[in-house]
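Once you know that position 399 of the sequence shown is 420 in my numbering, the rest is easy, because the numbers rise by one and skip nothing.
Notes follow the structure.
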Amino acid sequence: APDPDREGEAIAWHVASSLKKGTKADFLRVAFNEITKPAVVKAIKHPREIDMNLVNAQQARRVLDRIVGYTVSPFLWKTVLPKLSAGRVQSVALRLVCEREAEIKAFVPQEYWQIAAILKTGKEEQFSARLYKIDGKTVVKPTEVKGKKVAITSQKEADGYLVELKKADWVVSNIEKSEKVRKPSAPFITSTLQQEASKVYGFSPKQTMAVAQQLYEGIEINKKGLTGLITYMRTDSTRISNEALKAVRGFIKAQYSSAYLPPSPVIYAKKKGAQDAHEAIRPTYMDLPPEKVQKRLTPRQFKLYALIWNRFVASQMKPARFDVETVDITADRFLFRATEQRVKFDGFLKLYHEEREPDENGNGENGAERLPRLRQDEPLELVELKPTQSFTKPPPRYSQAMLVKRLEADGIGRPSTYATIISTLKERKYVELEQRKLLPTELGIAVNNILVEHLPKVFNVKFTANMEKQLDLVEEGTDDWVKVVNDFYKPFMQTIAKLKGKERAIKASLTQTTDVKCPNCGSPMVIKWGRNGRFLACSAYPRCKTARPLPEEEAKNRT
22 APDPDREGEA IAWHVASSLK KGTKADFLRV AFNEITKPAV VKAIKHPREI
72 DMNLVNAQQA RRVLDRIVGY TVSPFLWKTV LPKLSAGRVQ SVALRLVCER
122 EAEIKAFVPQ EYWQIAAILK TGKEEQFSAR LYKIDGKTVV KPTEVKGKKV
172 AITSQKEADG YLVELKKADW VVSNIEKSEK VRKPSAPFIT STLQQEASKV
222 YGFSPKQTMA VAQQLYEGIE INKKGLTGLI TYMRTDSTRI SNEALKAVRG
272 FIKAQYSSAY LPPSPVIYAK KKGAQDAHEA IRPTYMDLPP EKVQKRLTPR
322 QFKLYALIWN RFVASQMKPA RFDVETVDIT ADRFLFRATE QRVKFDGFLK
372 LYHEEREPDE NGNGENGAER LPRLRQDEPL ELVELKPTQS FTKPPPRYSQ
422 AMLVKRLEAD GIGRPSTYAT IISTLKERKY VELEQRKLLP TELGIAVNNI
472 LVEHLPKVFN VKFTANMEKQ LDLVEEGTDD WVKVVNDFYK PFMQTIAKLK
522 GKERAIKASL TQTTDVKCPN CGSPMVIKWG RNGRFLACSA YPRCKTARPL
572 PEEEAKNRT
């Protein structure tokens, strides 16, 4: 009864194969999604045959990973440094991080201006509004200009508008009232749990999975032994069992009243490409809320358990509802807009809040301020104009959570691999964390450049995603695992063969000449690669073995 996934199925098959030797015994597989007495007893009463499709999918994945790792890693040893590693999925993740860094370095900021107005009613009530349109064209950032959109790109342009606005007549031209509905998020799957734990608590994917494993395997809550607190944590499914739905609906009704309970259970759409083999990540017992078991948990266990608990319960609560009032104010050819958003019914927000970006007017969940009671065609008085200079920003570096989200969106990796991918990149010193964002190291950039230049197809996002789809087809029993491996192996090895004998030239291309003279023999010094980055080495090596840090590296080490 190993874990209920590809790896677990392969372990079960290996164990059964070993035990069968010399006997005619037959072995059945016991699989359960949660370590609770009812789940284990039910699984034992209903054993099944070992799923060879799962086993074959795992074998194919393992063989493909070894083919890439065992051939490309030695290539890196000869061209960059000994003991480096490459991986079928790991190196594609590195490529994403390096390409994002290149985007950031190539980015040229563009200036733009926003204008806000402080306005006053006849009753001396003040509120703010933001410039929304000029001559019917929406005011946006320079990067968003197209069609009926315009940007204010200089102070001179902004100052010209200010002159016009000070002379304009300000009047309420439209008032629109509407209701906004915000639905709860689906219960956690592996990727979303890693993202939320990173965003809320700063946990790395590896830390999140380690703590989740502890909660799944069991915590000693009472004298009866270990109690598994959550379901299996490697899943891409938002599906919930009927028993769990019944239990959580009963909890919501008892804890929050029927006003918070939808008429029927909330069923979340299956994600494209999801295997749907397991349930979502949820608590196993609705009579063990976080506060009841807190004393038995470590701080990290409690934080993650509470996060999983709250997200699951909230996913089956009614949506939150907001009253939204949007007021348009005309000032000659300019249109300003003010928006207020008030909570009408908190719904699932009574229990669970996700961090959300402010809306287009800069307002958060409840709007930036309360608007006075305004009426159509009401004249207003301008109190103050507030021009603000801004610059477009480059795309952000990936946080660990953002990289997991990107990998999932591109169809790269699977729930069981996200945490390992990122931790391996960090352990190999290909990336480092800077202000909780992933920054490629010089070594990581060098490795990526060589792989992308010489093995562009293998370490390509679309190619890797397509390979994941083929492995999924093996798991579904619609493709043969040996064929999938062979289809990859032959062209891959042909590419590797073409690189034979070129390693020395590739390594030489990484060596940069400098104007620095060797202090011992006077030969020019060159920039070479070492485990800790670049350094200066004498070009007369091995006759002269002088080496020293690069000036910038030396300065960095001093600080």
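Just so you know, even glycine gets a beta-carbon here, dropped at the ideal spot from N, CA and C.
Distance, residue j Cα to residue i Cα
i: residue 226; j: residue 313; result: 26 Å
i: residue 28; j: residue 71; result: 12 Å
i: residue 381; j: residue 530; result: Reliability of the predicted coordinates at residue 381 is poor, the pLDDT of 33 falling under 50, and the value obtained from them is presented with this limitation in mind. Spanning the two alpha carbons is a distance of roughly 49 Å.
i: residue 306; j: residue 252; result: 10 Å
i: residue 368; j: residue 476; result: 52 Å
i: residue 292; j: residue 212; result: 12 Å
i: residue 281; j: residue 228; result: 34 Å
i: residue 37; j: residue 48; result: 6 Å
i: residue 403; j: residue 144; result: 14 Å
i: residue 233; j: residue 485; result: 28 Å
i: residue 342; j: residue 275; result: 22 Å
i: residue 172; j: residue 469; result: 38 Å
i: residue 394; j: residue 278; result: 34 Å
i: residue 390; j: residue 361; result: 7 Å
i: residue 386; j: residue 200; result: Any answer about residue 386 is weak, because its pLDDT of 45 lies below 50 and its placement is not dependable; what the coordinates show is given next. If you take the alpha carbons of residue 386 and residue 200, they lie about 13 Å apart.
i: residue 198; j: residue 159; result: 21 Å
i: residue 222; j: residue 328; result: 10 Å
i: residue 311; j: residue 426; result: 27 Å
i: residue 190; j: residue 140; result: 12 Å
Cβ separation of residue i and residue j, assumed to be a contact under 8 Å, to the nearest whole Å
i: residue 256; j: residue 301; result: 7 Å
i: residue 489; j: residue 433; result: 7 Å
i: residue 153; j: residue 428; result: So it is not a contact: roughly 37 Å between Cβ atoms.
i: residue 286; j: residue 266; result: 5 Å
i: residue 334; j: residue 273; result: 7 Å
i: residue 512; j: residue 340; result: With 8 Å as the limit, residue 512 and residue 340 do not qualify as a contact, their Cβ atoms being about 50 Å apart.
i: residue 46; j: residue 40; result: 7 Å
i: residue 107; j: residue 89; result: 7 Å
Cβ-Cβ distance between residue i and residue j below 8 Å
i: residue 149; j: residue 359; result: yes
i: residue 115; j: residue 554; result: no
i: residue 520; j: residue 537; result: no
i: residue 406; j: residue 136; result: yes
i: residue 174; j: residue 517; result: no
i: residue 438; j: residue 110; result: yes
i: residue 218; j: residue 325; result: yes
i: residue 155; j: residue 396; result: no
i: residue 164; j: residue 413; result: yes
i: residue 240; j: residue 317; result: yes
i: residue 337; j: residue 260; result: no
i: residue 54; j: residue 495; result: no
i: residue 128; j: residue 415; result: yes
Of the residues the options, the one placed nearest residue i, counting alpha carbons only
i: residue 472; options: 218, 44, 119, 50; result: 119
i: residue 203; options: 344, 514, 401, 571; result: 344
i: residue 83; options: 492, 39, 425; result: 492
i: residue 179; options: 322, 85, 147, 408; result: 408
i: residue 460; options: 481, 569, 417, 133; result: 417
i: residue 224; options: 458, 24, 524, 507; result: 458
i: residue 455; options: 89, 22, 41, 122; result: 122
i: residue 192; options: 501, 545, 400; result: 400
i: residue 524; options: 132, 262, 68, 103; result: 103
i: residue 196; options: 350, 338, 431; result: 350
i: residue 560; options: 551, 547, 572; result: 547
i: residue 85; options: 65, 564, 505; result: 505
i: residue 482; options: 216, 117, 235; result: 117
Would you call the region 83-98 in contact with the region 440-459, where contact means no fewer than 3 C-beta pairs closer than 8 Å? No: fewer than three Cβ pairs fall under 8 Å.
Do the region 364-374 and the region 412-425 touch if we need at least three Cβ pairs shorter than 8 Å? Cβ pair count under 8 Å is below three, so no.
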